[in-house]
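**Q** Take a look at the following structure, please.
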Amino acid sequence: MTSEIVAEIESQARELRAGGLVPEGLEDELDKCFEDVAEESLAAAYSSATRTAGAPRAVLGMPSSLAELRGRAERLVRRRFGPRLRRVERRAAVGARRAAEAGWIQVHVTADHMERLAAHSPLASRVLSTVRPRELAAPSSATRRPAIEGALLKWTLDRLSSAPQHEGGPRPVLHAECGDGRLVELLAARGLDARGADPGFSARARGDASIVAGGALEYLGATPPASFDGLLLTGVVERLRPGAARALARLAARSLAPGGVVVLVSARPEANMAKDPVTADLALGRPLHPVTWCHLLAQSGMLDLEVFEPDASDPDAREPELFAVSARCPEQARDGAGYYDGGSRGRP
Amino acid sequence: MRVRPVRIDQIIPSIVERDAVSHHTLEAQKVLHSMGFVSEIYAGNMGPGLHGRVHLLEDLPREPPERQWVCYQASIGSPAADVFASHPGLKLLDYHNISPADLVERWLPHLGEEVRLGRRQLAELAPAVEFGVADSEFNRLELEEAGYRRTAVAPLMVDTTNVFSPPDPRLLERLAAERSRGGRDWLFVGQMLPHKAHQDVIKALVLYRRLFDPEARLHLVGRESCPAYADALHRYASALGLAGAVDFAGSVSAGELSAYYESADVFVCCSDHEGFCAPLLEAMHHRLPVIAYGVTAVPETVLDAGIVLPSKSPVLVASAVQRVLADAGLRASLVQAGLARAQEFSVDAARRGLVQAVEQVLQAA
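For the record, the sequence lines run as chains A and B. Taking our numbering, I'd label the letters of the first sequence as residues 1 to 348. Taking our numbering, I'd label the letters of the second sequence as residues 1001 to 1365.
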């Protein structure tokens, strides 16, 4: 029945055209109009890339002839070496993945060193901008990050101020990747021995001795265990692969004294999705969801997991850009890792 | 008969709520539990609301085929496929289609690479996979073409939250107020991604307004997943003088989605590529006549419960909408056929499909 209806509809469409009701060329104009706006939108989206790379096509996609050539070459090779090639590829892929996971922290540490070097040397800065992956190009100054303010700021400071007393007296609270040191000052104003570490030198240049140069992974990796009562992680947590994120969670747990608190503030992955396409999940370096961070911290042996929830009655807070997760180091060392059960506690 | 394993675990690259493949994976877990298997989901990444229900991929147990089977939910290229490939358990693969790179890479170059990787991985996994399940015959044929020896169709377990949620009353009121001023309402639901070809629905609307109904409106519901493409669509609507006629609703709640379905006159789909297209069934559930461009899995999903067009020339699509809206008898018969068709894709029917697929593997020598 529907095929007859479709035939009738096609006939009606032909009559509309023949009757002059559809101006000649209108459909072509509609196509062209979309092509024009498409070019504008693509140029706007990739303006920085097109500025540096010249011809937009070279940046936005492989020229079709080259892609075709590549396809032919692949088909030819597969016909000849198919099964053997697939085995080799599979082994290479597994090996490469393992190597990448193992080396990832070192990549970050190296990137932190390069960031610091780039702050001093225009030449190093130019080299860094050409060789580092886009995802590693994390903002190094606080002005490029969403500010931690309002209820989120109070929540963060309250948790970092809540470490218990030790026999040997309080230990410092560290803000890793502290940017201009604003939060370090706020923590110090609460009577805490607040320190900061940042790959940039802006705060240090102002003569703030409590802030040292160093990326989060670099600094924590070089710090003896149980050095801090509190640890605030920002910035770095937004550009880790899941494997490196797990390593950072373990590093954080190691560097906290018993009862110490870690607070992690990061961009919501949903916000990232809004700016970046659907494959953001698969991209190298991306914000992780708070639940994922809770799992990672719980598996590192942390307890009392809490996620900062915005005030649902506040219309401006419906889709906040930032979230925060806090966790506490157990008073006594435990064997094995916990897991996050969705409540406020991890458990062994 | 094959040895019945203790557990059948699922591997998925990324799992989030309100996503068709993710929902299917969660439903499949319930089916496997009901069959008496231990079954957990292991994901490379997880979204909100899934804590306690999903595990990290790194924690996937590795047991021999007599004790463990693993099922990979394939819809994009991912390192998770490598984990699946290297797993010692018996392997099943559930295929939800992968969009061709040439439809997306102009707008999303890295998505182009990911889908290319996905298709390559699909072919590479073929020799290792014991049984391939696809959610449409179209997808099953792609599996066969990729070298899968044993395949079957088990329909997608569609999220009925969208179908049975009561419509949001405030939105319903707003849409009714717009309708009271005259003009028909077109609807398309789908993520704003280039292969969904929203621009072709807009082109058809231009012709429809010019030829039949100058007050007609179009509601585009779905997350703006590709910013550049979404920007182009906004610019396009403005350039065509349709800024007030095209409603970019974005991502909406289940109640709001119901309100859009309830208020619309016709569902128009001009997608260039669909592996299944769940919104077509949602529209049918909501007694909405469906007009769709007949490519990929769309004709199979719609069958005779909608108007499936051989091309999406704007005049043809506009004429089809006019015919359906002007012919009350045709509209009524499409609505009835749509309700019957949607029923065929009930969750129970989809569950039976998965159970049969697992039993087929168990019975294989």
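For every residue, glycine included, the Cβ atom is placed at its ideal position computed from N, Cα and C.
Applying the criterion that 16 or more other CB atoms from any shown protein chain within 10 Å of the CB defines a buried residue, is B/V1094 buried or exposed?
**A** Checking the sequence, you will find Asp at residue 1094 of chain B rather than Val. B/D1094 is buried by the Cβ-count criterion.
**Q** Taking Cβ to Cβ, would you say A/L217 is nearer than 8 Å to A/L251?
**A** Yes.
**Q** Straight-line CA distance for B/S1313 to B/R1341?
**A** Each residue's Cα considered, the two are about 26 Å apart.
**Q** Could you check where the beta strand (DSSP E) with B/Y1072 kicks off and where it finishes?
**A** From DSSP, the beta strand (DSSP E) with B/Y1072 extends over Q1068 to A1074.
**Q** Residues in its own chain within less than 6 Å of B/V1347 by CB, not counting five upstream and five downstream?
**A** Here the set comprises M1157.
**Q** Answer with buried or exposed for B/E1105, where buried requires no fewer than 16 other C-beta atoms within 10 angstroms of its C-beta.
**A** Looking at its Cβ environment, which holds 16 or more other Cβ atoms inside 10 Å, B/E1105 is buried.
**Q** Using CA coordinates, which residue listed in B/L1325, B/M1001 and B/L1103 is at the minimum distance from B/A1197?
**A** Here the closest residue by C-alpha is B/L1103.
**Q** Compute the minimum distance between the beta carbon of B/A1326 and the heavy atoms of the ligand SAH, and state whether it is under 7 Å.
**A** The ligand SAH is not part of this structure, which contains no ligands at all.
**Q** For A/L157, which residues in the same chain have their Cβ closer than 7 Å to its Cβ, ignoring the five residues on either side in sequence?
**A** The answer, listed in chain order, is L186, L187 and R190.
**Q** So, with DSSP's three-state summary, where would you put B/N1045?
**A** Here B/N1045 sits in strand by DSSP.
**Q** Quick check on the burial criterion: 16 or more other C-beta atoms within 10 angstroms. Buried or exposed for A/S121?
**A** Result: exposed.
**Q** Just how far apart, CA to CA, sit A/F34 and B/A1232?
**A** Each residue's Cα considered, the two are about 8 Å apart.
**Q** Does the beta-carbon distance from B/E1262 to B/P1167 come in below 8 Å?
**A** Closer than 8 Å, so yes.
**Q** Applying a beta-carbon distance threshold of less than 8 Å, which residues of chain B neighbour A/H289?
**A** In chain order: N1045, M1046, G1047 and P1048.
**Q** Measure from the C-beta of B/R1018 to each C-beta in chain A and report whether the shortest distance is under 8 Å.
**A** B/R1018 does not count as touching chain A.
**Q** Of all Cβ atoms in chain B, is any one closer than 8 Å to the Cβ of A/S300?
**A** No, its Cβ sits nowhere closer than 8 Å to a Cβ of chain B.
**Q** Check whether the stretch 1003-1011 of chain B and the stretch 1059-1073 of chain B touch, using three or more Cβ-Cβ pairs below 8 Å as the test.
**A** They touch, by the three-pair rule.
**Q** Is A/G221 helix, strand or coil by DSSP?
**A** The answer is helix: DSSP assigns A/G221 an H, G or I state.
**Q** Against chain B, does A/R17 count as a neighbour if the rule is that its beta carbon must be under 8 Å from one of theirs?
**A** Interface residue, yes.
**Q** Any beta carbon from chain B within less than 8 Å of A/E40's own beta carbon?
**A** Judged by the 8 Å Cβ criterion, A/E40 is in contact with chain B.
**Q** So B/L1309 packs on B/L1316, CB below 8 Å; how close in whole Å?
**A** Confirmed, Cβ separation roughly 6 Å.
**Q** So B/A1320 contacts chain D; which residues on that side make the cut at Cβ distance below 7 Å?
**A** In the structure shown, chain D cannot be found, because the protein chains are A and B.
**Q** Grab me the residues of B/P1279's own chain with a C-beta within less than 7 Å of its C-beta, minus the 5 sequence neighbours each way, in chain order.
**A** So the qualifying residues of the chain are V1189 and G1190.
**Q** Between which two residues does the alpha helix (DSSP H) harbouring B/V1302 extend?
**A** V1298 to V1302 is the extent of the alpha helix (DSSP H) around B/V1302.
**Q** Identify, in the order they occur along the chain, each residue of the same chain with its Cβ nearer than 7 Å to the Cβ of B/H1033, setting aside the five sequence neighbours on each side.
**A** Same-chain partners within the cutoff: S1039.
**Q** Taking the alpha carbon of A/G260 as the point to measure from, which residue in A/E24, A/V291, A/E27 and A/R171 has its own alpha carbon closest?
**A** Comparing Cα positions, the closest option is A/R171.
**Q** Would DSSP call A/P139 helix, strand or coil?
**A** Annotation note: pLDDT 39 at A/P139 (below 50); position unreliable, coordinate value reported separately. Three-state DSSP puts A/P139 in coil, outside helix and strand.
**Q** Where do the N-terminal and C-terminal ends of the beta strand (DSSP E) with A/R328 fall, by residue?
**A** A/R328 -> beta strand (DSSP E) spans L322 to R328.
**Q** What does the alpha-carbon distance come out to for the pair B/P1194 and B/A1326?
**A** Taking the straight line from one Cα to the other gives about 31 Å.
**Q** Among residues of its own chain, excluding the 5 on either side of A/A58, which ones have a beta-carbon nearer than 7 Å to its beta-carbon?
**A** Residue placement at A/A58 is flagged as unreliable, the pLDDT there being 31, under the threshold of 50; a coordinate-derived value is accordingly withheld.
**Q** What do you reckon, are the CB atoms on B/S1078 and B/P1013 nearer than 8 Å?
**A** Cβ distance < 8 Å, so B/S1078 and B/P1013 count as in contact.
**Q** Quick check: the Cα distance between A/G342 and A/C178, rounded to an integer number of angstroms?
**A** Here A/G342 scores only 40 on pLDDT, less than 50, and its place in the model is too uncertain to base an answer on.
**Q** Could you tell me whether the Cβ of A/E27 comes closer than 8 Å to any Cβ of chain B?
**A** Yes, A/E27 counts as interfacial toward chain B.
**Q** Please list the residues of the stretch 1296-1317 of chain B that have a C-beta atom closer than 8 Å to any C-beta atom in chain A, keeping them in chain order.
**A** Flagged, chain order: D1304, G1306, I1307, V1308, L1309, P1310, S1313, P1314, V1315 and L1316.
**Q** Please report the distance separating the alpha-carbon of B/A1297 from that of A/A92.
**A** The alpha-carbon atoms of B/A1297 and A/A92 are separated by roughly 35 Å.
**Q** Can you give me, in chain order, the residues of the stretch 1171-1201 of chain B that have a beta carbon less than 8 Å from any beta carbon in chain A?
**A** The stretch 1171-1201 of chain B vs chain A, Cβ under 8 Å: Q1191, L1193 and Q1199.
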